[in-house]
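Heads up, the thing below is written out as structure tokens.
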Amino acid sequence: MIRLEDVCKVFAGAQGPVEAVKHVHLTIERGEIFGIIGFSGAGKSTLLRCINLLERPTSGSVLFDDVDLTQLSSSEVRAVRRRIGMIFQQFNLFSSRTVFGNVAFPFAGRGLTKEAIAARVRELLELVGLSGREGDYPSQLSGGQKQRVAIARALASEPEVLLCDEATSALDPQTTQSILQLLRELNRKLGLTIVLITHEMQVIKEICHRVAVMENGAVVEQGDVFSVFANPQQSVTRNFMEMTSHVAGFRRLLNEKSPLLELKPGQCILSLRYLERNVCSALVSYLSRTYGVDLNIIFGNVEMIDGHPLGGLIVIAEGKEKSIRECVDYLETIHVGVEVLLNA
Amino acid sequence: MLDLLVEYFPYTMKSLPMLWRSTVETLQMTLWSGSISFVLGLALGVLLIVTRRGGLVENRLAYEVLDKTINLFRSIPFIILLFCLLPLTRLISGTAIGVEGSIVPLVFGTVPFLARQMESALSEVSPGLVEAAQSMGCGRLDIICRVYLRESIPAIARGVTIALISLIGLTAMAGAVGAGGLGNFAYVYGQQRSRMDIIYSTVIVLVAIVTVIQLLGSLVARISKH
Ligand SMILES: Nc1ncnc2c1ncn2[C@@H]1O[C@H](COP(=O)(O)OP(=O)(O)OP(=O)(O)O)[C@@H](O)[C@H]1O
Ligand SMILES: [Mg+2]
Chain A
1 MIRLEDVCKV FAGAQGPVEA VKHVHLTIER GEIFGIIGFS GAGKSTLLRC INLLERPTSG
61 SVLFDDVDLT QLSSSEVRAV RRRIGMIFQQ FNLFSSRTVF GNVAFPFAGR GLTKEAIAAR
121 VRELLELVGL SGREGDYPSQ LSGGQKQRVA IARALASEPE VLLCDEATSA LDPQTTQSIL
181 QLLRELNRKL GLTIVLITHE MQVIKEICHR VAVMENGAVV EQGDVFSVFA NPQQSVTRNF
241 MEMTSHVAGF RRLLNEKSPL LELKPGQCIL SLRYLERNVC SALVSYLSRT YGVDLNIIFG
301 NVEMIDGHPL GGLIVIAEGK EKSIRECVDY LETIHVGVEV LLNA
Chain B
345 MLDLLVEYFP YTMKSLPMLW RSTVETLQMT LWSGSISFVL GLALGVLLIV TRRGGLVENR
405 LAYEVLDKTI NLFRSIPFII LLFCLLPLTR LISGTAIGVE GSIVPLVFGT VPFLARQMES
465 ALSEVSPGLV EAAQSMGCGR LDIICRVYLR ESIPAIARGV TIALISLIGL TAMAGAVGAG
525 GLGNFAYVYG QQRSRMDIIY STVIVLVAIV TVIQLLGSLV ARISKH
């Protein structure tokens with residue numbers, strides 16, 4: 001539905017040109033939730049804004065239903081923008097207008113009667129769970145409610161795609177959850193295609209089907225969420241993984257030679273990473289029964305993505321050296337990544 | 345009460361009709377030149393905002409020319425501007441005295457100041473709002489009217505209030521050199537004849553006018569701000 005081909009964006013910065021987006025190729029399918037993750041300054045916003053031409057790419061093309069938007073006249077671009085909604089981190093509601101006025105904003109000059117507009121606005125507010133707040137001004141709403149109004153406004157022209165620029169970054173974790181829930185519902189109910197950018201791993205894990213990882217203006221990795229995070233190929237991706245797990249904290253203890261990690265003879269510390277979708281969670285008890293190795297879990301970070309466990313465990317294994325080796329071999333045959341972190 | 349007034353404002357009480365007429369003239373001058381200046385000043389403010397770097401219709405040359413012209417006019421003291429504009433005033437108004445003759449110089453004196461006020465009012469509109477409107481498919485004119493102007497009504501009201509008050513100051517100055525109004529009244533009937541009470545009474549009337557403008561301005565700013 002959306003295809004970016006070799007998109008580059010160069011800004012004229014104070015200290016010479018800044019390449020904000022470099023040779024990006026992306027395809028976004030109709031009906032999916034596509035995430036773009038990257039650290040601050042990676043070029044995510046710029047890339048997203050290239051999709052509706054708020055930012056004109058320096059080179060490359062942006063295809064929307066096989067029409068190259070960069071070749072359209074400005075009035076044609078405006079028509080296409082009505083098919084692409086957008087929401088922002090700072091909500092960007094019109095503070096001089098009520099909730100009703102904000103949601104009705106895109107209807108002006110479309111030849112609709114007052115009654116038709118009022119009915120549509122009510123419908124949209126119901127969709128985002130804000131019925132009855134028509135008369136409030138944005139200053140009277142919480143962050144989550146503001147974002148709901150912004151979503152209703154973005155959906156007013158019945159777009160096929162919704163672009164979300166850090167839509168939950170200004171919200172607390174609970175409100176973030178409820179907005180993500182709403183986006184997922186809209187995706188299911190209306191078949192709305194969603195492109196969202198974020199620097200929060202949690203957001204990607206929560207609702208995205210596919211993900212692209214950006215670093216220094218380039219997309220360094222993309223694919224379905226499980227594969228990308230189960231087998232991160234790039235160090236940025238691994239950084240994102242570790243940030244949301246406790247593994248980083250554990251590695252720090254290890255580096256500091258913490259007394260917490262003193263081992264008795266016959267013990268060693270293993271890290272187990274689930275790489276494929278087929279791992280069952282009864283792994284630990286299976287290993288102790290079969291190989292006579294005691295596994296003591298000291299760190300665990302296993303999450304369900306697409307119904308499969310993703311993440312890993314750090315365990316202290318205790319047993320005969322031979323049994324531990326057999327154990328490791330077995331794990332490798334079932335595609336669990338094993339690493340011996342410390343051996344007594 | 346009346347006795348008290350007659351005692352402290354003897355000459356004023358004798359020329360009350362004149363004071364009334366002068367007040368009306370001052371209000372006329374303020375209203376006419378204020379309205380014309382508002383339209384021109386707002387238009388220039390909008391032009392500055394849209395042509396500036398990163399604006400809707402970015403245009404370095406237009407911005408620089410406007411910016412420098414406004415600075416030029418702002419740096420000319422009003423009394424000198426009055427003299428400079430005499431030929432132009434006669435050409436446009438047919439006369440250089442009275443209320444009619446004062447409009448052209450008052451507009452020239454107010455527009456540059458008002459344009460700056462409007463520029464700063466409009467620049468308070470967050471770029472995010474403009475972007476949101478663009479993402480909804482709005483054109484430039486739409487964005488100017490429905491985002492820039494609409495969103496900055498409170499700030500515009502504040503700017504207009506300040507400009508109107510300074511305009512009243514200008515009308516008094518124009519009055520002293522032939523435009524009529526309270527400035528003329530205070531100068532000709534008060535200062536030149538050493539009747540201080542006439543000068544004091546014009547001050548009282550001017551303070552009253554300024555207070556009313558200030559109150560109205562604050563009211564508009566308050567009810568339009570949410
Ligand atoms: N209008 C601009 N002019 C010049 N440089 C810009 C402009 N917009 C963005 N940049 C630069 O482009 C790079 C990418 O910026 P961008 O806003 O796309 O990053 P981001 O990934 O969205 O970051 P964040 O998570 O902080 O929002 C940055 O180095 C930024 O300084
Ligand atoms: Mg950004």
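Order-wise, the sequence lines are chains A and B. Counting from 1, one number per residue, gives the positions in the first sequence under the working numbering. Counting from 345, one number per residue, gives the positions in the second sequence under the working numbering. Glycine is no exception: its CB is placed at the ideal position from the N, C-alpha and C atoms.
- Excluding the 5 residues flanking it on each side, Gly-129(A) has same chain C-beta neighbours closer than 8 Å at Arg-148 and Leu-182, in chain order.
- Within chain A, the C-beta atoms nearer than 9 Å to that of Glu-475(B) come from Arg-49, Leu-54, Met-86, Phe-88 and Asn-92, in chain order.
- At a cut-off of 7 Å, the beta-carbon of His-25(A) does not count as near ligand 1: no heavy atom of the ligand is closer than that.
- Where Ser-61(A) is concerned, the enclosing beta strand (DSSP E) starts and stops at 59-64.
- Between the alpha carbons of Ile-414(B) and Gly-385(B) lies a gap of roughly 10 Å.
- Residue pairing of Asp-165(A) in beta bridges, as defined by DSSP: Phe-88(A) and Ile-197(A).
- Taken atom to atom, the span from the alpha-carbon of Ile-542(B) to that of Val-504(B) is near 29 Å.
- Counting only Cβ-Cβ distances below 9 Å, Met-462(B) has no contacts in chain A at all, with the closest Cβ about 17 Å away.
- Its chain contains Ile-393 as the residues whose beta carbon lies nearer than 7 Å to that of Gly-399(B), once the 5 sequence neighbours on both sides are disregarded; these appear in chain order.
- Per DSSP, the beta-bridge partners of Glu-221(A) are Val-213(A).
- Ordered by chain, the residues meeting the criterion of a beta-carbon within less than 7 Å of a non-hydrogen atom of ligand 2 are Lys-44(A), Ser-45(A), Asp-165(A), Glu-166(A) and Ile-197(A).
- Residue pairing by DSSP leaves Met-480(B) without any beta bridge partner.
- Ile-298(A): member of the beta strand (DSSP E) spanning 294-305, first to last residue.
- Non-local C-beta neighbours of Met-517(B) in its own chain, meaning closer than 8 Å and more than five positions away in sequence, comprise Phe-422, Ile-423, Leu-426 and Gly-527, ordered along the chain.
- In the three-state reduction of the DSSP assignment, Arg-537(B) falls in the coil class.
- Short note on Gly-38(A): C-beta closer than 7 Å to some heavy atom of ligand 1.
- Taking one beta carbon from each stretch, the segment 201-217 of chain A and the segment 172-186 of chain A have 3 or more pairs nearer than 8 Å; the two touch.
- Listed in chain order, the beta strand (DSSP E) runs fully inside the segment 5-56 of chain A are 16-28 and 33-38, counting runs of at least 3 residues.
- When only Cα atoms are considered, Asp-172(A) and Gly-266(A) end up about 46 Å apart.
- With fewer than 16 other CB atoms across the displayed protein chains lying within 10 angstroms of its CB, Ser-379(B) is exposed.
- Among the residues of the segment 67-81 of chain A, those with a Cβ less than 7 Å away from any Cβ of chain B are Arg-78, Ala-79 and Arg-81, in the order of the chain.
- Interface residue (Cβ-Cβ distance to chain B less than 8 Å): Ser-45(A) is not classified as such.
- Distances from the alpha-carbon of Leu-196(A) to those of Ala-14(A), Leu-54(A), Phe-88(A) and Glu-321(A) put Phe-88(A) closest.
- Here the segment 119-133 of chain A does not lie against the segment 157-167 of chain A, with fewer than 3 beta-carbon pairs under 8 Å apart.
- Met-357(B) places its beta carbon 8 Å or farther from that of Ser-446(B).
- Taking a 10 Å sphere around the C-beta of Glu-463(B), we find 16 or more other C-beta atoms and assign the residue as buried.
- Within the segment 91-124 of chain A, the residues whose Cβ lies closer than 9 Å to any Cβ of chain B are, in chain order, Phe-91, Asn-92, Leu-93, Phe-94, Ser-95, Ser-96, Arg-97, Thr-98, Phe-105, Pro-106, Ala-108 and Gly-109.
- For Glu-463(B), the enclosing alpha helix (DSSP H) begins and ends at 442-466.
- Ligand 1 has no heavy atom closer than 7 Å to the beta-carbon of Ala-218(A).
- Residue burial annotation: Arg-97(A) is buried, with at least 16 other C-beta atoms found within 10 angstroms of its C-beta.
- In the structure shown, Arg-97(A) adopts coil according to DSSP, grouped into three states.
- Ser-157(A) has a beta carbon lying within less than 8 Å of a beta carbon in chain B.
- Any Cβ of chain A closer than 8 Å to the Cβ of Gly-483(B) would place that residue at the interface, and such an atom is present.
- Taking 8 Å as the cut-off, the beta carbon of Ala-170(A) is found no closer than this to the beta carbon of Leu-263(A).
- At least 8 Å separates the CB of Ser-61(A) from every CB of chain B.
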